[in-house]
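Undergrad: Line by line, the protein sequences are chains A and B.
Number 1133 in this note's numbering belongs to position 276 of the first sequence; there are no gaps in the numbering.
Number 215 in this note's numbering belongs to position 212 of the second sequence; there are no gaps in the numbering.
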Amino acid sequence: MRAPALWQHGRPSQVCLLSVTALCTGCAGMQSALHPAGPQATHISHLWWLMFWVCTGVFVLVIGFLLYAVFYPRQQNQPVTTPETERRTARVVVAAVVITGLVLFALLVADFRTNRALAALSTSQPLKIKVTGHQWWWEVQYEASIPSQIVTTANELHLPTGQPVLLELTSQDVIHSFWVPNLHGKKDLIPGYVTTLWLQADQPGVFRGQCAEFCGHQHAYMAFLVIAEPPDVFSAWLEAQRSPAVAPGDALQQRGQEVFLSAACVLCHTIRGTPAGAKAAPDLTHLASRQTLAAGTLYNTPGHLAGWIVDAQQLKPGNKMPPNSLTGSNLQALLAYLTNLK
Amino acid sequence: MADDTHVMDASELHEHQLLEQTWQQPRGFFRWFTHVHHQSIGKRFIITAFIFFFLGGVLALLMRLQLARPQQALLGPDLYNQIFTVHGSTMMFLFAVPVVQGMGIYLVPLMLGTRDFAFPRLNAFSYWIYVLGGIVLYAFFLCNTGPDAGWFTYVPLAGPEYSPGKRIDVWQNLINFTELSALGASVGLIVTIFKLRAPGMSLNRLPLFVWSILVMSFMVVFAMPAVITASLFATLDRMFGMHFFNPAEGGDALLWQHLFWFFGHPEVYIIFMPGLGMVSAIVQTFSHRAVFGYTPMVLSLIATGFMAFGLWVHHMFATGLPQLGLSFFTAASMMIAIPSGVQIFCWIATLWRGRPRLHTPLLFVLGFVCIFVLGGLTGVMLASVALDLQVHDTFFVVAHLHYVLIGGAVFPLFGAVYYWFPKITGRLLSERAGTWNFWLMFIGFNLTFFPMHQLGLQGMPRRIYTYVPETGWGSLNLLATVGGIILALGVLVFVGNILWSRRHGQVAGSNPWDADTLEWGTSSPPPSYNFLHVPVVQGREALWVHTAEAPVVTGLRSDRREVLVTRILDAEPDHRTELPGPSIWPLALALAVTVAFVGAIFTPWAVPVSAVLCLIALIGWAWPYQKKTDQEQRIAGQQL
């Protein structure tokens, strides 16, 4: 069974209009170190292009010399080596080694300068986001001084543009690695450690990230979206996320909620505002506001949601969501409830 | 020294028969298991390692087929994870290290002008323990119990909580098998190189290939204990519930990475160090002049060996270690490019100031330079912390590591097989098939791995069993798969060439390439005793400076397995020593150790049981058999 993903290239003007039905073409730049969208990734891509051209030059020179050395025409009856040619050769080799050393030193300095530039992005009052890795999904928590203001979501990171963001990364199980190539290099999430990563998105856009440290069966599909929004849009989103889940609006949704609370769902998931408060799996309070399901793997459509609930193992073998046998009417009610959790 | 035109006189013939009787390998199926001579063990290492190379290659092709298109359903994640783990472990532990050690075991005594290897029985034990480890890994893998946490087996993923079952235990024990084997072989190689050289072969006359084997062996001795320790810790965590790596109880998940990479990074250099020696040998022979800059070449090998131990943290740049510390490892990682550069420049200078003959071995060397230089340059990129944060654990690194390992080890190895096959079998490999073999492999290799650089920069992480089509990674992956198939065709041509040429190839004679090292001074294939007269070496290029008046060593007994022991620096004769002959006990000990390693996957009680068995085997090994008296020996000699 194919598991289509949500992929679209958010242009600045379209950010708020992101529509899950619009398949993007040519969105290879959405998860690419070569399409930097923030200062960190830009510094690194400058270093990359410097190294690329220097190394290309070195490669061409070395292989050019090699081919010349093998194929240049030799006079048949004359010796190719004399003490004089050996001395000249030694000078050439020494020069080549010295140049190698100088080039390496220059690259070393370039690396140090880049590291310095990367460390320069900081502010005393950053937006702090805690990202916790789980097999195989991302827990995202926006910190707040008042506990009830803390926002927990999953597999989707919203960032205000033009503002340094401090990510605090850790893991609850095995080692994962947080990587949004368009914004920055990766940083590992290691149980027992808290690592940090400073990010900034310059322009609104949607970027895809993916776990970069092998973490078991569903490492391949442990993805997430980063949605960079203008600060006001971001604030509105954060405010909306702070509220508890919307109450069921009709009888069908009411029954859906009952199905949720009486089925296996409640053993792992949280829906704030209901008795469901388990922490083993993604928080579903605002599930319908998210663009993807199953850690950046499926578009968030009712069809995918139904398939995921009934048999998640078929879509992502080995993941921790068990299959659920629900009657057709119960499933319909559950879907009605969940798709209403804006 | 014997050559093709040399006809033995009567006394030489007698000597030959006596030596043959003393040194020949016992015949018969059961006695096959008692061989200890370096020629047998070396060949077994090489052939077994190539079999594992083909198995690992088949696994690689399966992965390439799975990744050729997005969301293929050929392999599920469970099988894919086993396959990439077994592929990596096979190539690192069961192919790359054993094959270069096998080349060393076969060639070094011949290059040094001696009749056997130091510690022949330990050497045989190293082989048996290696092949048993390989069989155990594949037996478990075929039962769907193959390890599945990567060849690096990071904890806590590989810890008791996240990898219940036996899969990881199989991996931990594979490590024990192969590291034990590598250590045993390395000890033998070091002692052989230091103590069994022909008189006159002072250290500054040692062939560069032997230098590379020497440095590699020392690296093995210093690197392997780290991983054996790590694997012991992990076993204790898994079997006895200890907490070396469990952060919840004060353990540390990063400790594993430090221990593993303290071994794992030198491992890379262990693998291609002998490749550098093979390249030197081939360049020297096919440009028909001494390699330019012998002393800087040797110093580069040694410097590489040292520096290789100071780079391991560049595998851990993304773990959040302090920036200042990381910068030192950046500097060290870039610095190691200098000795590699020195060697590349010296080889180019050698070719420049010689008259290169473009036979297949040299073709592979030219391919090696192209691939290895590119891999080295991407290595410089990976040394940079900032850039590494982007490309670490992506297909960029997959490309890089295959460029340095296939470029640095496999291409020289294939060149070396074309170069030394006539010595081992007495027949040349087909040059025409060799040219096909080279171009198919060279083109196939680059098609497979070059696109992976771009895939990595476009965000494709390593070790994923599939990807969604919208990533746009599909076409480059398809290209890589096509390349992989071409590469495999090249390897098939190689196998065909070997099988055909060993019966129908052109007869080589003792020195078909007009090479300079001592192994070419004896017949092809070499007699069971290597050299009728142990030579005395007069210069660095032993055969090129050899004169008809050169003295030979006399006084070694022909009716015993006696070799001449010389001093470390200048190889002056010191004393004679007798080496042990065929024995079944190395195999018995290997089986006894296997009881521990395999049994411990299931119960710790296997260890004491195995200890008793090992004791029995060691007593048998060391049993002081009564030697025949000189009188009986003489009678035996006369009966010839």
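Yeah, the Cβ is synthetic: ideal placement off N, Cα and C, and Gly gets one too.
Is the stretch 118-135 of chain B close to the stretch 187-201 of chain B, with three or more CB pairs under 8 Å?
TA: yes
Undergrad: Using 8 Å as the threshold, is the stretch 900-909 of chain A in touch with the stretch 1065-1084 of chain A, meaning 3 or more CB pairs across them?
TA: Verdict: no, contact absent.
Undergrad: Please tell me whether A:LEU923 and B:ILE374 are closer than 7 Å, where the distance is taken between their beta carbons.
TA: no
Undergrad: As an exercise, report each continuous alpha helix (DSSP H) stretch of at least 4 residues that is fully enclosed by the stretch 362-437 of chain B, in chain order.
TA: 363-386, 388-394, 398-408 and 414-428
Undergrad: Using a Cβ-Cβ cut-off of less than 7 Å, give me the residues of the stretch 376-388 of chain B that come near chain A, in sequence order.
TA: VAL376, LEU377, LEU380, VAL383, MET384, SER387 and VAL388
Undergrad: Using a Cβ-Cβ cutoff of 8 Å, what residues of the stretch 67-84 of chain B are near chain A? List them in chain order.
TA: GLN74, GLY79, PRO80, ASP81 and ASN84
Undergrad: Got a sec: is the Cβ-Cβ distance from A:GLY1049 to anything in chain B below 7 Å?
TA: yes
Undergrad: Return helix, strand or coil for A:PRO893, following the three-state DSSP convention.
TA: coil
Undergrad: How is the alpha helix (DSSP H) around B:ILE274 delimited, first residue to last?
TA: 256-290
Undergrad: Whole angstroms are fine: how far does the CA of B:ALA99 sit from the CA of A:GLY883?
TA: In this predicted model, A:GLY883 has a pLDDT of only 41, less than 50, meaning its place in the structure is not dependable; the value taken from the coordinates is given anyway. In a straight line, the C-alpha of A:GLY883 is about 41 Å away from that of B:ALA99.
Undergrad: Strictly under 7 Å for the Cβ-Cβ distance: is A:PRO930 near chain C by that measure?
TA: Considering every chain present, this structure includes no chain C. Its protein chains are A and B.
Undergrad: Please identify the residue among A:THR1009, A:LYS1173 and A:LEU1118 whose C-alpha is closest to the C-alpha of B:THR469.
TA: A:LYS1173
Undergrad: Apply the 10 Å Cβ neighbour rule to B:MET11 and answer buried if 16 or more other Cβ atoms are within range, or exposed otherwise.
TA: exposed
Undergrad: Cα separation between B:ASN500 and B:HIS362?
TA: 15 Å
Undergrad: With a threshold of 7 Å between beta carbons, is A:ASP1168 in contact with chain B?
TA: no
Undergrad: Would you kindly work out how many angstroms separate the C-alpha atoms of B:LEU582 and B:VAL566, rounded to a whole number?
TA: 7 Å
Undergrad: Do you know offhand how far B:LEU199's Cα is from B:HIS41's?
TA: 13 Å
Undergrad: Per DSSP, which one or two residues make a beta bridge with B:LEU235?
TA: Paired residue(s): none; B:LEU235 is not in a bridge.
Undergrad: For my contact list, B:GLN461 and B:GLY475 are in at a C-beta cut-off of 8 Å; report their separation, rounded to the angstrom.
TA: 7 Å
Undergrad: Between the C-alpha atoms of B:PHE57 and B:LEU492, what's the straight-line distance to the nearest angstrom?
TA: 12 Å
Undergrad: My assumption, with CB atoms under 8 Å, is that B:LEU304 sits in contact with B:VAL218. Please give the rounded CB distance.
TA: 5 Å
Undergrad: Less than 6 Å between C-beta atoms, sequence neighbours within five positions excluded: which residues of the same chain meet that for A:HIS892?
TA: GLY886 and ASN1039
Undergrad: In chain A, which residues lie with their C-beta within 9 Å of the C-beta of B:ARG30?
TA: Near B:ARG30 there are no residues of chain A at all, since even the closest Cβ is about 46 Å away, more than 9 Å.
Undergrad: Taking the beta carbon of B:GLN509 as the centre, do at least 16 other beta carbons fall within 10 Å, making it buried, or is it exposed?
TA: exposed
Undergrad: If you follow the beta strand (DSSP E) that A:LEU1082 is part of, which residue opens it and which one closes it?
TA: 1080-1086
Undergrad: Look at the Cβ atom of B:PRO589, then the Cβ atom of B:ALA127, and state whether they are nearer than 7 Å.
TA: Yes, they are a contact pair.
Undergrad: Hey, would you say A:GLN1056 sits closer than 7 Å to A:VAL1022, going by beta carbons?
TA: First, the amino acid is wrong: residue 1056 of chain A is Leu here, not Gln. For A:LEU1056 and A:VAL1022, yes; Cβs fall inside 7 Å.
Undergrad: Run through DSSP, which three-state label would B:PHE32 get?
TA: coil
Undergrad: Between A:LYS987 and A:GLU1013, is the Cβ-Cβ spacing less than 7 Å?
TA: no
Undergrad: What is the rounded straight-line gap between the Cα of B:THR597 and the Cα of B:ALA591?
TA: 10 Å
Undergrad: Alpha carbons only, please: which of B:ASP172, B:GLY203 and B:PHE243 is nearest the one belonging to B:TYR234?
TA: Here the sequence assigns Ser to residue 234 of chain B, which means Tyr is not the residue at that position. Selected option, being the one with the closest Cα: B:ASP172.
Undergrad: Between B:TYR157 and chain A, is there a C-beta pair that is closer than 7 Å?
TA: yes
Undergrad: Going along the chain, which residues of the stretch 395-406 of chain B sit with their C-beta nearer than 8 Å to a C-beta in chain A?
TA: HIS395, ASP396 and THR397
Undergrad: Quick check on the DSSP output: the alpha helix (DSSP H) that includes A:TRP1165 runs from which residue to which?
TA: 1159-1172
Undergrad: Answer yes or no: does any C-beta atom of chain A fall closer than 7 Å to that of B:PRO170?
TA: Rather than Pro, the amino acid found at residue 170 of chain B in this sequence is Arg. Not an interface residue.
Undergrad: Starting from the N-terminal side, write out each stretch of the alpha helix (DSSP H) that is 4 residues or longer and does not extend beyond the stretch 925-1000 of chain A.
TA: 940-976
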